[in-house]
Structure formats: structure tokens, C-alpha cells
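In what follows, a structure is listed as C-alpha cells, so that the remarks can point back to it.
What follows is the structure, encoded as C-alpha cells:
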């Protein structure tokens with residue numbers, strides 16, 4: 001799994017596009033893929049922020065009634 005782009009790199013891509021460069025030019029200047037730059041600019045347009053989404057999610061615990069059922073094949 002890859003790590004999110006740094007905030008500095010995200011700001012440089014946005015600044016390059018705002019200064020008149022195309023998204024592809026901004027991607028080439030910052031050495032990221034064009035699709036990454038496009039997704040970043042789409043995120044900025046849709047949410048107003050370039051912060052990365054949270055990676056992963058909340059893992060729900062196994063409910064008490066199902067613990068015995070799940071553990072029985074292991075105990076056998």
C-alpha cells in the first residue's frame with residue numbers, strides 16, 4: 001500500500017495549476033502521475049480541501065452471540 005502525498009507536494013501541485021499550468025504539466029513538474037494530480041484537483045474542487053482520506057476504517061468487533069460460533073472450529 002502506498003502512503004499519501006505530503007501536504008507540501010499537494011500544495012505545490014495546486015499552486016502550479018492555479019498559476020496557469022495544466023494538470024498534466026503540474027504532475028510532470030512534481031513527478032507524480034497525471035491521474036494522481038487529476039484526483040487531487042477533483043478532491044479540491046469537490047471538498048475544498050486536499051487533505052487525504054483516512055486510510056482503513058473502523059473494525060467492528062465480533063458480537064458476543066457469534067463468538068462461540070466463530071471459535072468452535074478452532075477449538076475442535
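Residue numbers (UniProt numbering): 1 to 76.
Yeah, the Cβ is synthetic: ideal placement off N, Cα and C, and Gly gets one too.
For clarity, every value in this text was computed on a predicted model and none was experimentally measured.
When 24, 50 and 66 are compared, the shortest CA-CA separation from residue 4 is found for 50. DSSP places residue 55 outside both helix and strand once states are collapsed to three, so it counts as coil. Going by DSSP, residue 32 is part of no alpha helix (DSSP H) at all; its letter is neither H nor E.
In the three-state scheme derived from DSSP, where H, G and I count as helix and E and B as strand, residue 60 is classed as coil.
The shortest CA-to-CA distance from residue 9 to any of 30, 22, 17 and 23 is the one to 30.
Counting the other CB atoms within 10 Å of its CB gives residue 13 a total of 16 or more, which places it among the buried residues. The C-alpha of residue 42 lies about 45 Å from the C-alpha of residue 71.
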